[in-house]
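Trainee: Dumping the structure here so I can ask a few things about it.
Number of protein chains: 2
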Amino acid sequence: MSRAGDVRSVWLRPRRTSRGEPPLTLTRIVEAAVALLDEEGIERLTMRRLAERLAVVAPSLYWHVDTKDDVIDLAVDAIFGEAPPGAGTAAHWRESVTAVLTTWRAALLRHPWAAAVPARQRPTIGPNFLAQMEALQATLVAAGFTGKGLSAATWALYNHVMGSASTESALRITDEERRLGQAQLKADSDCYPTLAAHGYLYDDDWDGSFTTGLEYLLDGLEAQLGRTG
Amino acid sequence: MSRAGDVRSVWLRPRRTSRGEPPLTLTRIVEAAVALLDEEGIERLTMRRLAERLAVVAPSLYWHVDTKDDVIDLAVDAIFGEAPPGAGTAAHWRESVTAVLTTWRAALLRHPWAAAVPARQRPTIGPNFLAQMEALQATLVAAGFTGKGLSAATWALYNHVMGSASTESALRITDEERRLGQAQLKADSDCYPTLAAHGYLYDDDWDGSFTTGLEYLLDGLEAQLGRTG
DNA sequence: GGTTTCCCCTAACGATGTTAGGGGCGCCGA
DNA sequence: TCGGCGCCCCTAACATCGTTAGGGGAAACC
Numbered sequence: 001m002s003r004a005g006d007v008r009s010v011w012l013r014p015r016r017t018s019r020g021e022p023p024l025t026l027t028r029i030v031e032a033a034v035a036l037l038d039e040e041g042i043e044r045l046t047m048r049r050l051a052e053r054l055a056v057v058a059p060s061l062y063w064h065v066d067t068k069d070d071v072i073d074l075a076v077d078a079i080f081g082e083a084p085p086g087a088g089t090a091a092h093w094r095e096s097v098t099a100v101l102t103t104w105r106a107a108l109l110r111h112p113w114a115a116a117v118p119a120r121q122r123p124t125i126g127p128n129f130l131a132q133m134e135a136l137q138a139t140l141v142a143a144g145f146t147g148k149g150l151s152a153a154t155w156a157l158y159n160h161v162m163g164s165a166s167t168e169s170a171l172r173i174t175d176e177e178r179r180l181g182q183a184q185l186k187a188d189s190d191c192y193p194t195l196a197a198h199g200y201l202y203d204d205d206w207d208g209s210f211t212t213g214l215e216y217l218l219d220g221l222e223a224q225l226g227r228t229g
Numbered sequence: 001m002s003r004a005g006d007v008r009s010v011w012l013r014p015r016r017t018s019r020g021e022p023p024l025t026l027t028r029i030v031e032a033a034v035a036l037l038d039e040e041g042i043e044r045l046t047m048r049r050l051a052e053r054l055a056v057v058a059p060s061l062y063w064h065v066d067t068k069d070d071v072i073d074l075a076v077d078a079i080f081g082e083a084p085p086g087a088g089t090a091a092h093w094r095e096s097v098t099a100v101l102t103t104w105r106a107a108l109l110r111h112p113w114a115a116a117v118p119a120r121q122r123p124t125i126g127p128n129f130l131a132q133m134e135a136l137q138a139t140l141v142a143a144g145f146t147g148k149g150l151s152a153a154t155w156a157l158y159n160h161v162m163g164s165a166s167t168e169s170a171l172r173i174t175d176e177e178r179r180l181g182q183a184q185l186k187a188d189s190d191c192y193p194t195l196a197a198h199g200y201l202y203d204d205d206w207d208g209s210f211t212t213g214l215e216y217l218l219d220g221l222e223a224q225l226g227r228t229g
């Protein structure tokens with residue numbers, strides 16, 4: 001997938017300048033990719049299918065892009081750019097963090113394929129993504145976090161949004177799979193008594209779990225601040 | 001990748017019974033897959049390469065396995081089975097949770113490819129994985145969590161382990177990429193002042209971030225327990 | 001007007017997941 | 001003891017994928 005011998009990701013390469021507006025553009029390619037991903041999922045994203053949407057053949061894409069991975073990286077970053085992180089207008093840092101993460105999460109749920117991608121072995125360093133990270137971390141700095149505590153808080157919140165969106169997307173399974181899973185869990189209820197009793201796989205209040213989990217985490221963070229700051 | 005028309009994952013199908021010990025076994029296939037994944041990473045896992053390791057040709061694998069995804073699902077579950085969740089011998093539930101998650105995390109870091117996989121659109125329902133979930137959730141039930149709070153706590157902790165392992169694996173990048181990323185961040189330090197100042201991408205104390213983040217989360221959970229229980 | 005640069009095309013390569021079907025070999029009933 | 005049957009691995013091949021090589025036309029530049 002990744003081009004051998006060139007470890008630089010899309011973001012670290014100079015952008016091609018173009019005069020006029022040719023029929024094929026990086027922007028148009030990325031838009032088409034997002035649309036294709038939304039409608040058919042990541043495993044249906046193919047250079048040929050993407051090209052077809054643009055009334056073009058696959059190799060033509062390679063003038064604008066080096067790799068299929070580049071397309072995916074650009075598509076992921078595009079969805080982070082849908083709702084630019086709002087300025088921290090909230091009174092309390094807690095509300096600011098909640099606002100940032102809620103917008104963030106909404107974008108991920110609108111494009112379920114995006115949550116799984118940053119976990120793929122390559123680092124995420126697109127400008128729109130970095131802007132979200134900047135907003136999150138700036139809020140935490142303003143709240144009084146520093147050093148290792150800041151780092152831990154940032155990553156904990158990051159993992160909570162990304163993780164819950166990705167878990168939710170992955171567990172949005174068909175009713176039949178859910179029924180089969182439930183059946184097996186009940187059958188093995190001697191092995192998994194707690195899961196069988198409390199309904200692992202059957203919870204569907206994802207928003208509630210996200211919000212409540214976030215409250216837990218923010219409670220812990222606030223306690224930490226009260227201790228040191 | 002996934003066989004069309006058959007939505008059932010490996011775990012929901014009857015296991016083939018065999019008398020004697022043929023040269024090719026589900027167990028041997030999974031062992032070889034884990035070894036291959038450990039040594040060469042997930043994008044080098046190929047049915048042909050896997051077969052080669054077993055002194056066999058690719059189509060032979062399909063007698064024991066329906067799909068490459070099956071192999072991956074089995075491999076992931078195998079690493080969750082390396083260290084079966086210990087019985088809750090700790091005095092406080094907090095220590096039990098920490099113990100479970102630390103073992104869990106260690107297995108994920110030993111096999112960095114495994115952290116990214118559960119995020120791939122398919123649900124994780126292997127027996128060893130379920131056993132870990134069972135241990136985690138049972139501990140929380142014993143601590144006093146119920147209903148939506150239990151669900152939220154389970155998923156929050158789950159996302160913390162999986163997310164931090166996957167983030168750490170993804171950001172273990174080459175020194176050159178790190179240097180290039182740092183250079184760009186500094187260059188755009190007007191866009192990302194906080195990230196540039198506090199060193200996003202350069203943090204390498206992953207264990208510390210995991211532990212501290214977990215403390216935050218556990219603090220929040222304990223506060224919740226004190227409120228209702 | 002000639003040359004260069006941009007940008008899309010056709011053709012093709014190597015690799016991949018998977019299927020179709022052949023055949024050897026051991027186990028079972030007669 | 002022998003014929004059949006099912007297990008299990010094989011060869012051959014297909015469709016599809018990411019990607020490269022190189023051609024050619026049109027627009028921009030001197």
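Chains as they are written, first to last, in the UniProt record's numbering: chain Y, 1 to 229; chain D, 1 to 229.
By construction, the Cβ of each residue, glycine as well, lies at the ideal position given by its N, Cα and C atoms.
Is there at least one Cβ from chain Y nearer than 8 Å to glycine 149 (chain D)'s Cβ?
Mentor: Closer than 8 Å to some Cβ of chain Y, the Cβ of glycine 149 (chain D) qualifies, so yes.
Trainee: Please report the straight-line C-alpha distance between histidine 92 (chain D) and leucine 225 (chain D), rounded to a whole angstrom.
Mentor: Between histidine 92 (chain D) and leucine 225 (chain D), the C-alpha separation is close to 13 Å.
Trainee: Quick one: which chain D residues come within Cβ less than 8 Å of proline 123 (chain Y)?
Mentor: Chain D residues near proline 123 (chain Y): Ala170, Leu171, Ile173, Glu177, Gly181 and Leu201.
Trainee: Would you mind stating whether leucine 150 (chain D) and leucine 101 (chain D) have Cβ atoms separated by less than 8 Å?
Mentor: Going by C-beta atoms, leucine 150 (chain D) is not nearer than 8 Å to leucine 101 (chain D).
Trainee: Any C-beta of chain Y sitting closer than 8 Å to the C-beta of leucine 217 (chain D)?
Mentor: Yes, because at least one Cβ of chain Y sits closer than 8 Å to the Cβ of leucine 217 (chain D).
Trainee: Give a yes or no on whether 8 Å exceeds the smallest Cβ distance from alanine 4 (chain D) to chain Y.
Mentor: Reliability of the predicted coordinates at alanine 4 (chain D) is poor, the pLDDT of 37 falling under 50, and the value obtained from them is presented with this limitation in mind. Taking Cβ atoms only, chain Y never reaches closer than 8 Å to alanine 4 (chain D), which makes this a no.
Trainee: Which residue wins for smallest C-alpha separation from proline 127 (chain Y), given the options Y:Ala99, Y:Phe80, Y:Gly208 and Y:Leu36?
Mentor: When each option's Cα is compared against that of proline 127 (chain Y), the closest is Y:Phe80.
Trainee: For residue 234 (chain D), go through chain Y and note every residue whose CB falls closer than 7 Å to its CB, in chain order.
Mentor: Outside the modelled stretch of chain D, which goes from 1 to 229, sits residue 234 (chain D), for which no answer is possible.
Trainee: Grab me the residues of aspartate 219 (chain D)'s own chain with a C-beta within less than 6 Å of its C-beta, minus the 5 sequence neighbours each way, in chain order.
Mentor: Closer than 6 Å at Cβ, skipping near neighbours: no residue.
Trainee: For leucine 221 (chain Y), collect the residues of the same chain with a Cβ closer than 6 Å to its Cβ; drop the 5 residues on either side in sequence, then sort them by chain order.
Mentor: Result list for leucine 221 (chain Y): Ala153, in chain order.
Trainee: Can you tell me where the alpha helix (DSSP H) with tryptophan 63 (chain Y) in it begins and where it stops?
Mentor: Premise fails: tryptophan 63 (chain Y) is in no alpha helix (DSSP H) and is neither H nor E.
Trainee: Would you say alanine 152 (chain D) lies against chain Y (beta-carbon separation less than 8 Å)?
Mentor: True, the Cβ-Cβ gap to chain Y drops below 8 Å.
Trainee: Find out if the Cβ-Cβ distance for the pair glutamine 184 (chain D), tryptophan 104 (chain Y) is shorter than 8 Å.
Mentor: No, they are not a contact pair.
Trainee: Rounded to whole angstroms, how far is the Cβ of alanine 165 (chain D) from the Cβ of leucine 109 (chain D), which I believe are closer than 8 Å?
Mentor: Alanine 165 (chain D) to leucine 109 (chain D), Cβ: 6 Å. Contact.
Trainee: For the segment 90-107 of chain Y, which residues have a beta carbon sitting closer than 7 Å to at least one beta carbon of chain D?
Mentor: Hits within the stretch: zero.
Trainee: Could you confirm whether any beta carbon from chain Y is found closer than 8 Å to the beta carbon of asparagine 128 (chain D)?
Mentor: No, no contact with chain Y.
Trainee: Can you give me the Cβ contacts of alanine 135 (chain Y) inside the same chain, cut-off strictly under 7 Å, excluding the 5 residues immediately before and after it?
Mentor: These residues qualify, in order along the chain: Pro85 and Val100.
Trainee: Output the residue ranges of the alpha helix (DSSP H) runs that lie fully inside the segment 149-201 of chain Y and measure 4 residues or longer, sorted by chain position.
Mentor: The segment 149-201 of chain Y contains these whole alpha helix (DSSP H) runs: 175-187 and 193-198.
Trainee: What is the DSSP secondary structure of isoleucine 79 (chain Y), reduced to helix, strand or coil?
Mentor: Correct three-state label for isoleucine 79 (chain Y): helix.
Trainee: Can you name the residues of chain Y whose CB is closer than 9 Å to the CB of methionine 133 (chain D)?
Mentor: Within 9 Å Cβ-Cβ: Tyr192, Thr194, Leu195 and Tyr200.
Trainee: Cβ closer than 8 Å: which chain Y residues qualify as neighbours of aspartate 204 (chain D)?
Mentor: Ordered by position in chain Y, no residue passes the 8 Å Cβ test against aspartate 204 (chain D), which lies about 10 Å from the chain.
Trainee: Which residues of the segment 62-89 of chain Y have a Cβ closer than 8 Å to any Cβ of chain D? Give them in chain order.
Mentor: Cβ contacts with chain D: none found.
Trainee: Would you kindly work out how many angstroms separate the C-alpha atoms of phenylalanine 145 (chain Y) and threonine 98 (chain Y), rounded to a whole number?
Mentor: Cα to Cα, phenylalanine 145 (chain Y) sits roughly 16 Å from threonine 98 (chain Y).
Trainee: Does the beta-carbon of arginine 8 (chain D) have 16 or more other beta-carbons within 10 angstroms, so that it is buried, or is it exposed?
Mentor: At arginine 8 (chain D) the pLDDT is 49, less than 50, meaning the model places this residue with poor confidence and gives no usable figure here.
Trainee: Looking only at its chain, what residues have a beta carbon closer than 6 Å to the beta carbon of isoleucine 125 (chain Y), apart from the 5 residues adjacent to it on each side?
Mentor: So the qualifying residues of the chain are Trp11.
Trainee: Using 8 Å as the limit for Cβ to Cβ distance, is valine 141 (chain D) near chain Y?
Mentor: Chain Y, which has a Cβ nearer than 8 Å to the Cβ of valine 141 (chain D), makes this yes.
Trainee: For histidine 111 (chain D), would you say it is in contact with chain Y, using Cβ-to-Cβ distances shorter than 8 Å as the test?
Mentor: Chain Y contact via Cβ: absent.
Trainee: I need the straight-line Cα distance from histidine 111 (chain Y) to alanine 55 (chain D), nearest angstrom please.
Mentor: Approximately 42 Å, taken between the alpha carbons.
Trainee: List the endpoints of the continuous alpha helix (DSSP H) containing arginine 49 (chain D).
Mentor: First-last of the alpha helix (DSSP H) with arginine 49 (chain D): 47-53.
Trainee: Give the C-beta separation of valine 34 (chain Y) and alanine 78 (chain Y) to the nearest angstrom, bearing in mind that I take them to be a contact with Cβ-Cβ under 8 Å.
Mentor: With 8 Å as the limit, valine 34 (chain Y) and alanine 78 (chain Y) qualify as a contact, their Cβ atoms being about 6 Å apart.
Trainee: Got a sec? Which residues, its chain only, sit under 7 Å from glycine 72 (chain Y) by beta carbon, not counting five neighbours each side?
Mentor: For clarity, residue 72 (chain Y) is isoleucine in the given sequence; the question names glycine instead. Answer for isoleucine 72 (chain Y): Val117, listed in chain order.
Trainee: Determine the direct distance from the alpha carbon of valine 30 (chain D) to that of aspartate 38 (chain D), and round the result to whole angstroms.
Mentor: Distance between the alpha carbons of aspartate 38 (chain D) and valine 30 (chain D): 12 Å.
Trainee: So, leucine 180 (chain D) versus methionine 133 (chain Y), is the Cβ gap smaller than 8 Å?
Mentor: It is not a contact, given that the beta carbons lie outside the stated cut-off.
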